[in-house]
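Take a look at the structure set out below.
Number of protein chains: 2
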Amino acid sequence: MAFAMTDFDATRRLFDLPRGVIYLDGNSLGPLPRGVTERVHRTLCDEWGRMVITGWNRAGWIDMPRHLGDRIGTLIGAAPDTVVLGDTLSIKVYQALAAALDMRPDRRVILSDTGNFPSDLYMAQGLVKMLGDRHELRVVAPEDVARAMDGDLAVLMLTEVDYRTGRRHDMPALTAQAHDLGALAIWDLAHSAGALPVDVTAGKADFAVGCTYKYLNSGPGGPAFIYVAPDHADVATPALSGWLGHAAPFDFEPGYRAGAGIDRMRVGTPPILQLAALDAALNVWEDVDMADVRARSIELSERFIARVEAGCPDLTLASPRDPDRRGSQISFRFAHGYAVIQALIAEGVIGDFRAPDIMRFGITPLYLSHDDIDRATEILADIMQTRKWDQPVFHTRQTVT
Amino acid sequence: MAFAMTDFDATRRLFDLPRGVIYLDGNSLGPLPRGVTERVHRTLCDEWGRMVITGWNRAGWIDMPRHLGDRIGTLIGAAPDTVVLGDTLSIKVYQALAAALDMRPDRRVILSDTGNFPSDLYMAQGLVKMLGDRHELRVVAPEDVARAMDGDLAVLMLTEVDYRTGRRHDMPALTAQAHDLGALAIWDLAHSAGALPVDVTAGKADFAVGCTYKYLNSGPGGPAFIYVAPDHADVATPALSGWLGHAAPFDFEPGYRAGAGIDRMRVGTPPILQLAALDAALNVWEDVDMADVRARSIELSERFIARVEAGCPDLTLASPRDPDRRGSQISFRFAHGYAVIQALIAEGVIGDFRAPDIMRFGITPLYLSHDDIDRATEILADIMQTRKWDQPVFHTRQTVT
């Protein structure tokens, strides 16, 4: 790290972090970057308030999904004009999968794994039903993905980094295998974009989707993005054929004609307040080298694991021990993990819990220091050693954890 | 209007209207209500900034789509727990149509009209293709809808108020006719909700959808809403089966199980900044009686028509002359309508244009006065009488008009 170009003390100052809190949940919802509030205020007052409808042109609202797509493209190795923002990740998964299946009409298997985010699987289940149950959604254990691919494969649909364990798939290798079998690959980058170096071009992903409110810090409910490989962009049929994906949206023709390239993946009117927040949030990446982020993520993660394992013998590492096989989160298993997380939150250390027994801790170098890791692991060790978690108040379930 | 309860001078003060502008485009994008900026600021700083992930529970973010659904429900005659916010109107149209077709498996016709917003038709076209081209999307002239219904009808899918002409369908009568034939009815309320009294319960709509950024003033890209009649709520299959529509979204089960009632129409993570803006925007309705809004809308509209017809003989009324057959906008046809609208905007009167020749003027009593109508029609008459519109600068097309 001695020669790192990225100044992490400087990036930390770009966030308005809650006082008295060590925030280890940036893998679920990133914190508020400085400048976002001012930018959204400007969008509200100077744009919507003053320009009203004319803001679509004068403030450039109509182009924001494409403009921000290009900004995110630089973080995931996508060429200009191949990424667009909009909707939610679930909707973008549906679009990508529908388009991919349409490109492989003679194949019937969609392969995914149990490490995929459930909503991706749910959207696929809904799509399969819509398409008349002609397809099989094959869901295997993450370690069985490579050997579950065969000549029936239409689409490999995976999340690169497992939301529970942080386990990371080998995107280029699995994609190459899918391609060798004549299939297509869709990658969900929800826990990758902004977390580690991603290169959808070199990795030859056919489609990629992701969300912006985790490691990209766009705020609660920030829009999703979709990438379509340039070769497919004019071929992929948009199942959700909304007006802003039309070749001439403002001609109001009666029949749908898909727009050129990535534009056809647009659907309805984009959420301008959320896009404005995202635009300001992306400024934090301006002087950041993703290789530095990755190096520091591994350093902080290794420190976190070592200290938890030393201080909390009852916890079992759920993430891969090899840093190359992880994203940027560390998970531990414990039967009473829910209560431990509640006890941690009560002491200002925010992680989260995923059933049945996973405690998740996001490692986000842009705003986490070595001191944060040390302090968080001390508090965790104290909670475990004194069984502080074993109080009724920490066992009361809330809707979202 | 003598005994109207609603104080329209007071409601006008609830909006932060741009100075020097007469805004006749609230049917496209409502202006900024006072209180929205403060509310969004609070959501950014006090909720996201201070609570970060815990805002989903502590600030009630997770419940906003349902809470705001109930607030909108009161404006459209929907019972509590029958409306939910999310996504865009195009997505909600797709959900409603997919669910309705699934409830009528033996029928093959979707009937709509040329007055429907193109995106509704585009989404239907995409859905029909997805379902294997087993259905016919029959699109007739608005006046032919009633006689185009027959025993093949699966779903009647209409926008109550025509986005170009303001013509209004008779929702209860057409719905009753569809029901008599064993079909279902989906109503798009994009130009109805907040514009005139709507009663989806009395009108027996099976599904209704709408957007919030027009007459409900939620700001650019505000989320859409969907209503499902209580009888159908536990039967309708959600085609877009995202995690927040799951019966137990935070159990992260591998298989989708549709949630109870309207919850199943939720898809992905809701856009909290846009929902916060909507929540504040809905406060303007607190002391408003929709019958008063309707009476004043008709009064202002009649005044607008009379003055335009008196001052601009070259313009042809495109809206129905009978106020009962209109929504809350007035449209005129003119071959050079685009240039006239640009000339109007240059003089601070904001209306908009829809190809090929329609000039649209939204009549929004909450913030428009008699003086606004008089002044706008004077400026329009001057532009027409002096042919001010016939300058090259007014003929240059922009992306959004």
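Chains A and B, in that order, are what the protein sequence lines are. Take the first sequence: its position 388, counted from the start at 1, is 400 in my numbering, and no numbers get skipped. Take the second sequence: its position 14, counted from the start at 1, is 26 in my numbering, and no numbers get skipped. Beta carbons are placed, not taken as given, at the ideal position from N, Cα and C, and that holds for glycine. Please read these numbers as outputs of a predicted model, since none were measured by experiment.
A/Ser230, DSSP secondary structure in three states: coil
Collapsed DSSP secondary structure at A/Pro377 in the structure displayed: Note: A/Pro377 maps to coil in three-state DSSP.
Enclosing alpha helix (DSSP H) for A/Thr187 [first to last residue]: Met183 to Asp192
Under 9 Å (Cβ pairs) to chain A, residues found in the stretch 28-55 of chain B: Asp28, Leu29, Pro30, Arg31, Val33, Tyr35, Asp37, Gly38, Ser40, Leu41, Gly42, Pro43, Leu44, Val48, Thr49, Val52, His53 and Thr55
A/Val95 classed as buried or exposed, judged by whether at least 16 other C-beta atoms fall within 10 angstroms: buried
Sequence-distant residues of the same chain with beta carbon closer than 7 Å to B/Asp364, five excluded per side: Asp37, Ser40, Ile353, Arg372 and Thr413
For A/Lys104 and A/Ile284, believed in contact at Cβ under 8 Å, the rounded distance: By a beta-carbon distance limit of 8 Å, A/Ile284 does not contact A/Lys104. Their separation comes to about 18 Å.
Short CB-CB distance (under 8 Å) between A/Cys324 and chain B: no
Minimum C-alpha distance to B/Val48 - residue among B/Asn229, B/Ala71 and B/Arg120: The shortest C-alpha separation from B/Val48 is found at B/Asn229.
Cα-Cα separation, A/Leu208 to A/Ala351: Using only the alpha carbons, I get a separation of about 30 Å.
Against chain B: residues of the stretch 272-298 of chain A by CB proximity under 8 Å: Per Cβ criterion, the list reads Val279, Gly280, Thr281, Pro282, Pro283, Ile284, Leu285, Gln286, Leu287 and Ala289.
Validate contact between the stretch 75-84 of chain B and the stretch 279-293 of chain B using beta carbons, cut 8 Å, 3 pairs: yes
Beta-carbon proximity of B/Ile88 to B/Ala205, cut-off 8 Å: yes
Cβ distance (whole Å) where A/Phe316 is taken to contact A/Ile385 below 8 Å: 5 Å
Identity of the residue in B/Ala347, B/Ile391 and B/Met277 nearest B/Ala108 by Cα: B/Met277
Residue-level contact to chain B via CB, A/Gly144, 8 Å cutoff: yes
Span of the alpha helix (DSSP H), counted from its first residue to its last, around A/Val8: There is no way to answer for residue 8 of chain A, as the model of chain A reaches only from 13 to 413.
Cβ pair A/Leu287, A/Leu139 closer than 8 Å: no
Segment limits, beta strand (DSSP E) that includes B/Met169: Leu165 to Thr171
Selection from A/Gly233, A/Leu252 and A/Met169 that minimises the alpha carbon distance to A/Val221: The shortest Cα separation from A/Val221 among A/Gly233, A/Leu252 and A/Met169 belongs to A/Met169.
A/Leu312 - containing alpha helix (DSSP H), residue span: Met302 to Gly323
Interface partners of B/Thr126 on chain A, CB under 8 Å: Pro266
Close-in-space but distant-in-sequence residues of the same chain around A/Lys216 (CB under 8 Å, 5 per side omitted): Pro184, Thr187, Ala188, His191, Ala197 and Ala241
Proximity of B/Ile65 and A/Ile362 at Cβ, strictly below 8 Å: yes
Short CB-CB distance (under 8 Å) between A/Tyr379 and chain B: no
Interface partners of A/Trp73 on chain B, CB under 7 Å: Pro232
Stretch-stretch touch, CB-based, cutoff 8 Å, three pairs: the stretch 241-253 of chain B with the stretch 65-75 of chain A: no
Secondary structure of B/Leu327, DSSP reduced to three states: coil
Distance between beta carbons of A/Leu44 and B/Met142, contact taken as under 8 Å: Contact doesn't hold; Cβ gap of about 39 Å is too wide.
9 Å Cβ cut-off: residues of chain B touching A/Val151: Pro266
Presumed contact (8 Å Cβ cut-off) between A/Ala251 and A/Val167, rounded CB distance: That pair is no contact at about 14 Å.
Meets three-Cβ-pair contact criterion under 8 Å: the stretch 118-131 of chain B and the stretch 154-166 of chain B: Counting C-beta pairs closer than 8 Å gives three or more between the stretch 118-131 of chain B and the stretch 154-166 of chain B, which meets the contact rule.
Proximity of B/Ala347 and B/Phe406 at Cβ, strictly below 8 Å: No, they are not a contact pair.
Selected residue, minimal CA-CA separation from B/Ala90, among B/Asp28, B/Thr213 and B/Gly42: That would be B/Thr213, whose Cα lies nearest to the Cα of B/Ala90.
Residues that B/Pro45 bridges to, as DSSP identifies them: B/Phe27
Per-residue contacts from A/Pro130 into chain B (C-beta, under 7 Å): Trp255, Phe264, Glu265 and Pro266
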